[in-house]
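A.B. asks: First residue of the sequence shown? That's 12 in our numbering, and the numbers climb one at a time after it.
We put the CB at the ideal spot given by N, CA and C, even for glycine.
Below you will find the structure I want to go over with you.
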Amino acid sequence: MIQFTTSNSQKEIQQILDLQAINLPKNISETEAKEQGFVTVHHDFEILSAMNDKFPHVIAKDNNKIIGYTLVMLPEFGNKIPVLVPLFDKINQLSYNGDELNKTSYFVMGQVCVDKQYRGKGVFAGLYQQMKTEMSPHFKYIITEIATRNTRSMRAHEKVGFETIHTFSTPEEEWAIVAWNWQ
Numbered sequence: 012m013i014q015f016t017t018s019n020s021q022k023e024i025q026q027i028l029d030l031q032a033i034n035l036p037k038n039i040s041e042t043e044a045k046e047q048g049f050v051t052v053h054h055d056f057e058i059l060s061a062m063n064d065k066f067p068h069v070i071a072k073d074n075n076k077i078i079g080y081t082l083v084m085l086p087e088f089g090n091k092i093p094v095l096v097p098l099f100d101k102i103n104q105l106s107y108n109g110d111e112l113n114k115t116s117y118f119v120m121g122q123v124c125v126d127k128q129y130r131g132k133g134v135f136a137g138l139y140q141q142m143k144t145e146m147s148p149h150f151k152y153i154i155t156e157i158a159t160r161n162t163r164s165m166r167a168h169e170k171v172g173f174e175t176i177h178t179f180s181t182p183e184e185e186w187a188i189v190a191w192n193w194q
């Protein structure tokens, strides 16, 4: 039975990193990336632990094995991961539902990933529902960015309730900034 909860140990942080590594573009084929999606950022143990200390990451477990995760990243971590600096710069210039985002309470969902064997079984939606339960008392919005070529992820986020609020390009990728107003 799949359990949705939050990460509370170094062992779970390591399991998140292990699942992340399997799903980086360099470790999957182009076909798999197109059909199944991928994760972009490779975190290190120190930063992932520091993020978890502020607000625990949301995880899905089957017995004691992490089979999915969503990372909680507060704006204060925006300059700690170079590939995410443009995202935080853009967020601070945007408005959503009439709110200037740099003046409202939000956090960034730093990455979502579901183990290949558990895809299509409601884990993605379950992770976000647990994230809403954990985080909505503290924040008005959840924001993330998705590579627009990651069509599986774009569709899955729209299905949960995210809306595209901005698109931008870096030399490597075109990105959609998406937000979910869960209040």
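In whole angstroms, what is the alpha-carbon distance linking Ile157 and Val94?
C.D. replies: 13 angstroms
A.B. asks: Quick check: the Cα distance between Arg130 and Pro182, rounded to an integer number of angstroms?
C.D. replies: So the two alpha carbons sit approximately 31 angstroms from each other.
A.B. asks: With a threshold of 16 other CB atoms inside 10 Å of the CB of Phe198, please say whether the residue is buried or exposed.
C.D. replies: Lying outside 12 to 194, the shown extent of the chain, residue 198 is not represented and no answer is given.
A.B. asks: Residues bridged to Trp186 by DSSP?
C.D. replies: Ala158, Phe179
A.B. asks: CB-CB under 6 angstroms to Leu112, same chain, minus the five flanking residues each way: which ones, in chain order?
C.D. replies: Scanning its chain for C-beta atoms nearer than 6 angstroms, with the 5 sequence neighbours on each side dropped, one finds around Leu112 the residues Ile102, Leu105, in chain order.
A.B. asks: Any beta-carbon of chain D closer than 8 angstroms to the one on Asn63?
C.D. replies: Annotation note: the requested chain D is absent from the structure, which comprises a single protein chain.
A.B. asks: Considering only C-alpha positions, which residue in the set Gly109, Val189, Lys170 is nearest to Phe179?
C.D. replies: Out of Gly109, Val189, Lys170, Val189 has the C-alpha closest to the C-alpha of Phe179.
A.B. asks: Thinking Gly137 and Ile13 are a contact (beta carbons under 8 angstroms), I'd like their distance in whole angstroms, please.
C.D. replies: Gly137 to Ile13, Cβ: 7 angstroms. Contact.
A.B. asks: Pull up the CB-CB distance for Gly121 and Met62, whole angstroms please, since I reckon it's below 8 angstroms.
C.D. replies: 7 angstroms
A.B. asks: Name the one or two DSSP bridge partners that Val69 has.
C.D. replies: Thr17, Thr81
A.B. asks: Return yes when the Cβ of Ile153 is within less than 8 angstroms of the Cβ of Trp186, no when it is not.
C.D. replies: no
A.B. asks: Please classify Asp55: does DSSP put it in a helix, a strand, or coil?
C.D. replies: coil
A.B. asks: Considering only C-alpha positions, which residue in the set Asn90, Pro86, Glu184, His68 is nearest to Tyr117?
C.D. replies: Pro86
A.B. asks: For Ser60, name the three-state secondary structure that DSSP assigns.
C.D. replies: helix
A.B. asks: Since Val119 sits in a beta bridge, which residues does DSSP pair it with?
C.D. replies: Met84, Ile154
A.B. asks: What residue range is occupied by the uninterrupted alpha helix (DSSP H) comprising Gln141?
C.D. replies: Here the alpha helix (DSSP H) through Gln141 covers 134-146.
A.B. asks: To the nearest angstrom, how far is it from the Cα of Gln140 to the Cα of Leu59?
C.D. replies: 21 angstroms
A.B. asks: Just mark Val96 as buried or exposed, buried being the case when its beta carbon has 16 or more other beta carbons within 10 Å.
C.D. replies: exposed
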